[in-house]
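If you read the sequence shown in this note's numbering, its first letter stands for residue 1, the second for the next number, and so on. Reading through the structure tokens given below for one structure.
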Amino acid sequence: MKSQQLTWLVVFDSTICRIYDYSKNNLALVKQIEHSENKLKDIEITSDKPGRYQSSGAHGTYSQESDPKAIQIERFAKEIAKILEHGHAVNDYEKLILVSSPPMHGLLLKDINKQVEKLISRVIPKDLVHVSEADLLNDVNNELKRD
Numbered sequence: 001m002k003s004q005q006l007t008w009l010v011v012f013d014s015t016i017c018r019i020y021d022y023s024k025n026n027l028a029l030v031k032q033i034e035h036s037e038n039k040l041k042d043i044e045i046t047s048d049k050p051g052r053y054q055s056s057g058a059h060g061t062y063s064q065e066s067d068p069k070a071i072q073i074e075r076f077a078k079e080i081a082k083i084l085e086h087g088h089a090v091n092d093y094e095k096l097i098l099v100s101s102p103p104m105h106g107l108l109l110k111d112i113n114k115q116v117e118k119l120i121s122r123v124i125p126k127d128l129v130h131v132s133e134a135d136l137l138n139d140v141n142n143e144l145k146r147d
């Protein structure tokens, strides 16, 4: 009889990621990563407001070249990717189930390597990071039954 594959359930949004050992009947939290900076407003992330300038006949404001909040969210996706790559390297899991909004899933896919990407068995495009573990397990099991 074949033993059950080790499956990580990765539930994340732009501010929190929870990684669980998953089985049909149980979730066991492996790791939780919080990135509370992503809840801050742009002005709170950057220490200075955009500067002002004035030259002969023209004046205005300098604008930032990129969105500080988007940069923080991309960094968080990279951090999650590194954790998944490390988990794969040390054989902590054999399959992945990802649960996140489509934009966060897209950011994560940009950063994970091909070996980890091949282990993704299911993507559930829902924001379930703030539901209870019991509700999460129920929702994931219901999604997997649809296959």
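Glycine is no exception: its CB is placed at the ideal position from the N, C-alpha and C atoms. Computed from a predicted model, the values in this text were never measured in an experiment.
Under DSSP, residue 32 shares a beta bridge with 18.
Burial is judged here by how many other beta carbons sit within 10 angstroms of a residue's own beta carbon; residue 18 has at least 16 and is buried. In the DSSP assignment, residue 124 forms a beta bridge with 99. In this structure, the CA atom of residue 134 is about 27 Å from the CA atom of residue 107. For residue 90, there is no enclosing beta strand (DSSP E), as DSSP marks it with neither H nor E. The bridge partners DSSP lists for residue 27 are 22.
Separation of the CB atoms of residue 97 and residue 15 is rounded to 20 Å, and the pair is thereby denied contact status at 8 Å. Between residue 13 and residue 121, the C-beta gap is not smaller than 9 Å, which leaves the two residues out of contact.
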